[in-house]
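Okay, so here's the structure we're looking at.
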Amino acid sequence: MTYETVIGLEVHLQLATKSKLFCGCSAVFGAAANSQTCPVCLGLPGVLPVLNAKALEWGIRVGLAFNCQMVDVMKFDRKQYFYPDLPKGYQISQFDRPLARQGWLDILVGEQSKRVRIHRMHLEEDAGKLLHENSANESLVDFNRAGVPLLEIVTEPDMRSADEAYAYLTELKATIEYLDVSTCNMEEGSLRCDTNISLRPAGSEKLGSKVEIKNLNSFRAVKQAVDYEVARQKAALDAGERIPQETRLWDAKKLVTESMRSKEEAADYRYFPEPDLVPFVLSPARIDPVRKQLPELPAQRRQRFQDKYALSAYDAGVLTQNRHVADFFEKTAGAGAKPKLAANWIMGDLQGYLNTKNVAFHQVTIKPEWLAKLIRLVEDGTLSGKMAKEVFTHMLQRGADPDTIVQELGLRQITDTSALDQLAADVIAANPAAVAEYLKGKSTSLMFLVGQAMKRSRGQANPQQLTEAIRKQLATEVRS
908 MTYETVIGLE VHLQLATKSK LFCGCSAVFG AAANSQTCPV CLGLPGVLPV
958 LNAKALEWGI RVGLAFNCQM VDVMKFDRKQ YFYPDLPKGY QISQFDRPLA
1008 RQGWLDILVG EQSKRVRIHR MHLEEDAGKL LHENSANESL VDFNRAGVPL
1058 LEIVTEPDMR SADEAYAYLT ELKATIEYLD VSTCNMEEGS LRCDTNISLR
1108 PAGSEKLGSK VEIKNLNSFR AVKQAVDYEV ARQKAALDAG ERIPQETRLW
1158 DAKKLVTESM RSKEEAADYR YFPEPDLVPF VLSPARIDPV RKQLPELPAQ
1208 RRQRFQDKYA LSAYDAGVLT QNRHVADFFE KTAGAGAKPK LAANWIMGDL
1258 QGYLNTKNVA FHQVTIKPEW LAKLIRLVED GTLSGKMAKE VFTHMLQRGA
1308 DPDTIVQELG LRQITDTSAL DQLAADVIAA NPAAVAEYLK GKSTSLMFLV
1358 GQAMKRSRGQ ANPQQLTEAI RKQLATEVRS
């Protein structure tokens, strides 16, 4: 039987506020275990939560960026969660009055555009973290993360393949980074994703049994888990088995999903209104200032790069995926570099170097105006392409401008006609056998002579001009 894959994603985004969602404890990652706690985030008796105003503002910021309808009145609820890393025994979250609803995010899968609908966004506090690696028999708990603000972004079941899920997460991450509200660092847990997958007969409108997959710590893992789970469910359905609604874990070593527990429904959490937090009115006076401060987002910037700089859709997509890359490109073009040449250097040599060194783009040591100057040195014939790459490597390693490096290394290209003519004459005189072969019709001998002349010039001769000079003098040999 032919099946259709149905995928929905739940992204838990840790907002990068300085303090936690309902108390003043630091929310900075990496502190000593249990050093960032207080009676509020530990759930001690008699304490009262106070909403972090910046977390609310940033939640509104994300909701608006994803085209959501902001609710008039939102409220918080207690979600019963009897886990050892949740000290209160419940989580302050949002149930029936979340922050935002009914948004969307447009994605590109190949060259096809697709709209993924956002079902809801809600604020909640994070749980602590269980540590298992220190003992085979015990689990330790670190409550530093307990109370850190989370924004959960839940999609409708609109995706139909692992590629679509990957494209959605990539575009979501880029958008969040442009908004500057989260580090989106999956290794630190600031962006976590749960994947809901079901299969149904092709053409059917009825959804199949939903399986949730947790423990996905990279977008690549999401793709792998989706592909595995689709194959697993298809095989089970073909064998006449029923797919139970459950939560499964992804084993990144075995590349399989494993059953964790039967899937809870909302009733199992026993939600009830949080009695210590009043409902919050989200009036236009609160929302409009946030809307006015929204930055240009990746999709808008992609289109502008195509219109303003005449870049291809592919180049514009690569450059705008990361805000720091896009900023660097614009500054390089603004410093006088031709946009296409700047794009090629940034996407090729610069990004390749950073990938090799495992350095993030925002840590790059060169200045955009230096790259623009290097590009001009190639265009005006001062440097050959090979020489420019050598200078570029020195720029990255030393953090120096190209003029300084060119002067220090003596890497200025020879373009003087008389100097090139002399090189041509010298190499022809030194290689009579190659000249004879050329005169007999062996055209590859010309390239040998050019290579020998380039060695004599220590790579500094302009190769096109040098080739032409040798060819002219060889033509004279033919006539004589």
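Taking this note's numbering, the leading residue of the sequence shown gets 908, the next gets one more, and so forth. Heads up, the beta-carbon is just placed ideally off N, CA and C, and yes, glycines get one too.
Requested in this report: In the DSSP assignment, find the unbroken beta strand (DSSP E) run with N1103 in it and report its ends.
Outcome: Residue numbering aside, residue 1103 sits at position 196 when the sequence shown is read from its first letter. Start and end: 1098-1108.
Query raised in the report: At what residues does the beta strand (DSSP E) containing R1056 begin and finish?
Result: Residue mapping note: residue 1056 aligns to position 149 of the sequence shown, counting from 1. This sequence places Pro at residue 1056; Arg is not what is there. 1056-1062 is the extent of the beta strand (DSSP E) around P1056.
Query raised in the report: At what residue ranges does the region 942-1000 contain a whole run of the alpha helix (DSSP H), taking only runs of 4 or more?
Result: 960-972
Report task. State the Cα-Cα distance for the pair G937 and E1095, rounded to the nearest angstrom. Result -> Here the question's residue 937 lines up with position 30 in the sequence shown. Here the question's residue 1095 lines up with position 188 in the sequence shown. Their Cα atoms are separated by approximately 9 Å.
Report task. Give the DSSP-derived three-state secondary structure of Q1314 in the structure shown. Result -> The residue you call residue 1314 lines up with position 407 of the sequence shown. Helix.
Report task. Return yes when the Cβ of K1121 is within less than 8 Å of the Cβ of T1090, no when it is not. Result -> Against the sequence shown, residue 1090 aligns to sequence position 183. Against the sequence shown, residue 1121 aligns to sequence position 214. Taking 8 Å as the Cβ cut-off, T1090 and K1121 do not qualify as a contacting pair.
Query raised in the report: Going by Cα to Cα distance, which pick from G970, L1144, S1219 is closest to R1008?
Result: Looking up residue 1008 in the sequence shown gives position 101. Measuring from the Cα of R1008, the nearest candidate turns out to be G970.
Query raised in the report: Touch check for the region 1061-1068 and the region 945-956: three-plus C-beta pairs under 8 Å?
Result: no
Query - Extent of the continuous beta strand (DSSP E) run through V919 - result: Along the sequence shown, one-based indexing puts residue 919 at 12. Sequence inspection shows His at residue 919; the Val mentioned does not correspond to that position. Counting along the chain, the beta strand (DSSP E) containing H919 begins and ends at 910-921.
Query raised in the report: Is H1231 buried or exposed, if buried means 16 or more other CB atoms sit within 10 Å of its CB?
Result: Reading the sequence shown from its first residue, position 324 is the one you call residue 1231. So H1231 ends up on the exposed side.
Report task. Look at the alpha carbon of L1012 and the alpha carbon of K1130, and state the distance between them as a whole number of angstroms. Result -> Here residue 1012 refers to the residue found at position 105 when the sequence shown is read from its first residue. Here residue 1130 refers to the residue found at position 223 when the sequence shown is read from its first residue. The alpha-carbon atoms of L1012 and K1130 are separated by roughly 19 Å.
Requested in this report: Please go through the same chain and pick out, in chain order, the residues whose beta-carbon is closer than 8 Å to the beta-carbon of R1363, but skip the five residues on each side of it.
Outcome: Counting from one through the sequence shown, the residue named residue 1363 turns up at place 456. Excluding positions up to five away in sequence, the list reads L1330, D1333, V1334.
Query raised in the report: Using the beta-carbon count (16 or more within 10 Å), is L1037 buried or exposed?
Result: As a working note, residue 1037 is residue 130 in the sequence shown. Classification for L1037: exposed.
Requested in this report: Label N1369 either buried or exposed according to how many other C-beta atoms from any shown protein chain fall within 10 Å of its C-beta, with 16 as the threshold for buried.
Outcome: Taking the first residue of the sequence shown as 1, we reach residue 1369 at position 462. Counting Cβ neighbours within 10 Å, N1369 comes out buried, since at least 16 surround it.
Report task. Look at G1054 and C932 and say whether their C-beta atoms are less than 8 Å apart. Result -> The residue given as residue 1054 occupies position 147 in the sequence shown. The residue given as residue 932 occupies position 25 in the sequence shown. Yes.
Query raised in the report: Per DSSP, what kind of secondary structure is E1031 in: helix, strand or coil?
Result: Looking up residue 1031 in the sequence shown gives position 124. DSSP places E1031 in strand when its eight states are reduced to three.
Report task. List the endpoints of the continuous beta strand (DSSP E) containing G1147. Result -> Your numbering for residue 1147 matches position 240 in the sequence shown. Where G1147 is concerned, there is no enclosing beta strand (DSSP E), given that its DSSP letter is neither H nor E.
**Report entry** Under the three-state DSSP convention, the category P1180 falls into
**Finding:** Numbered from its first residue, the sequence shown carries residue 1180 at position 273. In this structure, P1180 counts as strand in the three-state DSSP scheme.
Requested in this report: Pull up the distance between the alpha-carbon of L1290 and that of L920, whole angstroms please.
Outcome: In the sequence shown, residue 1290 corresponds to position 383, counting from 1. In the sequence shown, residue 920 corresponds to position 13, counting from 1. Cα-Cα distance, rounded: 47 Å.
Report task. Report the residue from I1014, A934, C930, G915 whose alpha carbon sits nearest the alpha carbon of Q1228. Result -> Position 321 of the sequence shown holds residue 1228. Of the listed residues, the one whose Cα sits closest to Q1228 is I1014.
Report task. Could you say if the region 1297-1308 and the region 1276-1289 meet the contact criterion of at least three C-beta pairs nearer than 8 Å? Result -> yes
Query - As assigned by DSSP and simplified to three states, the class of L1047 - result: As a first step, residue 1047 must be located in the sequence shown, where it is residue number 140. Three-state DSSP puts L1047 in a strand.
Requested in this report: Enumerate in chain order the residues of its own chain whose CB-to-CB distance from P946 is below 6 Å, with the five nearest sequence positions on each side excluded.
Outcome: Here residue 946 corresponds to residue number 39 of the sequence shown, with the count starting at 1. Closer than 6 Å at Cβ, skipping near neighbours: V954.
Query raised in the report: Can you list, in chain order, the residues of its chain whose CB lies under 6 Å from that of R1099, leaving out five sequence neighbours each side?
Result: Sequence index remark: in the sequence shown, residue 1099 carries index 192 (1-based). Closer than 6 Å at the Cβ level, and outside the excluded window around R1099, lie H919.
Query - Residues near L1261 by beta carbon distance below 7 Å, same chain, minus five either side - result: Looking up residue 1261 in the sequence shown gives position 354. The answer, listed in chain order, is F1268, V1271.
Report task. Have a look at L1123 and W1157 and give me their C-alpha separation to the nearest angstrom. Result -> For this step, residue 1123 is matched to residue 216 along the sequence shown. For this step, residue 1157 is matched to residue 250 along the sequence shown. Their backbone Cα atoms lie some 6 Å apart in a straight line.
Query - C-alpha distance - L1047 paired with I1060, whole-angstrom precision - result: In the sequence shown, the residue the question calls residue 1047 occupies position 140. In the sequence shown, the residue the question calls residue 1060 occupies position 153. Each residue's Cα considered, the two are about 29 Å apart.
Query raised in the report: Beta carbon of A911, beta carbon of A1109: below 8 Å?
Result: If you number the sequence shown from 1, residue 911 lands on position 4. If you number the sequence shown from 1, residue 1109 lands on position 202. The sequence shown places Glu at residue 911, rather than the Ala named in the question. Yes, Cβ-Cβ distance for E911 and A1109 is below 8 Å.
**Report entry** Selection from Q1367, R1052, R1107, R1211 that minimises the alpha carbon distance to I914
**Finding:** Reading the sequence shown from its first residue, position 7 is the one you call residue 914. Of Q1367, R1052, R1107, R1211, the residue nearest in Cα terms is R1107.
Query raised in the report: With distances taken between CB atoms, is the gap from V1357 to L1373 smaller than 8 Å?
Result: The residue labelled residue 1357 in the question sits at position 450 within the sequence shown. The residue labelled residue 1373 in the question sits at position 466 within the sequence shown. In contact: V1357 and L1373 (Cβ atoms closer than 8 Å).
Query raised in the report: Given a threshold of 16 other Cβ atoms within 10 Å of its Cβ, counted over all protein chains shown, does D979 qualify as buried or as exposed?
Result: Taking the sequence shown and counting its residues from 1, one reaches residue 979 at position 72. Under this definition D979 is an exposed residue.
Requested in this report: May I ask which residues mark the beginning and end of the alpha helix (DSSP H) holding R1008?
Outcome: For the purposes of this step, residue 1008 is taken as the residue at position 101 of the sequence shown. Not the alpha helix (DSSP H): R1008 falls in the beta strand (DSSP E), residues 1007-1016.
Query raised in the report: Is the beta carbon of E1078 sitting closer than 8 Å to the one on N1103?
Result: Stepping through the sequence shown from its first residue, residue 1078 is reached at position 171. Stepping through the sequence shown from its first residue, residue 1103 is reached at position 196. Result no, Cβ atoms of E1078 and N1103 do not sit closer than 8 Å.
**Report entry** Distance CB(V1163)-CB(A1074) smaller than 8 Å
**Finding:** Here residue 1163 refers to the residue found at position 256 of the sequence shown. Here residue 1074 refers to the residue found at position 167 of the sequence shown. Not closer than 8 Å, so no.
Query raised in the report: Which word fits P991, buried or exposed, when buried means at least 16 other C-beta atoms lie within 10 angstroms of its C-beta?
Result: Here residue 991 corresponds to residue number 84 of the sequence shown, with the count starting at 1. P991 is exposed by the Cβ-count criterion.
Query raised in the report: Does the region 983-1002 touch the region 1180-1194, meaning 3 or more C-beta pairs lie closer than 8 Å?
Result: yes
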